[in-house]
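K.L.:
Mind looking over this structure? Questions follow.
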């Protein structure tokens, strides 16, 4: 199985450490894992664990850069034939939209509460399936973004 994990950056922190541990665990199970991020202090550890890392110009809020990044990720998905594209932050979640047309399941993990307003609640993307790291985040994402609880799994 080929899996692309995407996060903003790889600096020590909860979501970032989770991504690195997830990538390592999946690779031990035989998956071909690629981790894409804006880089950071954990990038070297990623390489030492034998996990392929792709440097992306993240994080960004520039609409033009976001469009370019989205196209780059789609090209990568088309070229690499990933089975799963898994985003671990709100901006990377926007970027994976459209990868399903290349055969990849789109999954988004919610690690924390984000600022939300009526516009953001409509433009945020939560994938074909969403993973919440706690029950309270499941309730938050369902309530704030109008997602059916049947589309969300809780994996602490």
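In the working numbering, the protein residues as written are 7 to 162. For glycine and all other residues, C-beta sits at the position ideal for the given N, C-alpha and C.
Kindly indicate which three-state DSSP category residue 119 falls into: helix, strand or coil?
P.N.:
In the structure shown, residue 119 sits in coil (DSSP, three-state: anything other than H, G, I, E or B).
K.L.:
DSSP on residue 136, reduced to helix/strand/coil?
P.N.:
Three-state result, residue 136: strand.
K.L.:
Around the Cβ of residue 35, are there at least 16 other Cβ atoms within 10 angstroms (buried) or fewer (exposed)?
P.N.:
Per the 10 Å Cβ criterion, exposed.
K.L.:
Across the region 96 to 116 and the region 133 to 142, are there enough close Cβ pairs to call them in contact, namely three or more that are closer than 8 Å?
P.N.:
Taking 8 Å as the limit for Cβ pairs, the verdict is that the region 133 to 142 does touch the region 96 to 116.
K.L.:
To which residues of the same chain is residue 155 closer than 6 Å at the C-beta, ignoring the five residues directly before and after it?
P.N.:
Excluding residues within five positions, the ones whose Cβ falls inside 6 Å are 148.
K.L.:
How would you call residue 12, buried or exposed, if buried means at least 16 neighbouring beta carbons within 10 angstroms?
P.N.:
Residue 12 comes out buried.
K.L.:
Between the C-alpha atoms of residue 71 and residue 31, what's the straight-line distance to the nearest angstrom?
P.N.:
Looking at the two C-alpha atoms, the distance is approximately 31 Å.
K.L.:
So, helix, strand or coil for residue 95, using DSSP?
P.N.:
Three-state DSSP puts residue 95 in coil, outside helix and strand.
K.L.:
For residue 43, does the three-state DSSP call read helix, strand or coil?
P.N.:
Three-state result, residue 43: strand.
K.L.:
Assuming residue 87 and residue 8 are in contact, meaning their beta carbons sit under 8 Å apart, how far apart are those beta carbons, in whole angstroms?
P.N.:
About 6 Å; that satisfies the 8 Å criterion.
K.L.:
For residue 152, which residues from the same chain have a beta carbon less than 8 Å from its beta carbon, with the 5 sequence-adjacent residues on both sides left out?
P.N.:
Only 127 meet the Cβ criterion.
K.L.:
Counting only runs of 4+ residues fully inside the region 52 to 115, write out the alpha helix (DSSP H) ranges in chain order.
P.N.:
Counting whole runs of 4 or more residues, the region 52 to 115 contains the alpha helix (DSSP H) stretches 69 to 86, 96 to 102.
K.L.:
Please report the straight-line C-alpha distance between residue 146 and residue 51, rounded to a whole angstrom.
P.N.:
Approximately 33 Å between the Cα atoms of the pair.
K.L.:
Using 8 Å for Cβ pairs, my map puts residue 117 next to residue 20. What's the rounded Cβ distance?
P.N.:
6 Å between Cβ atoms; contact.
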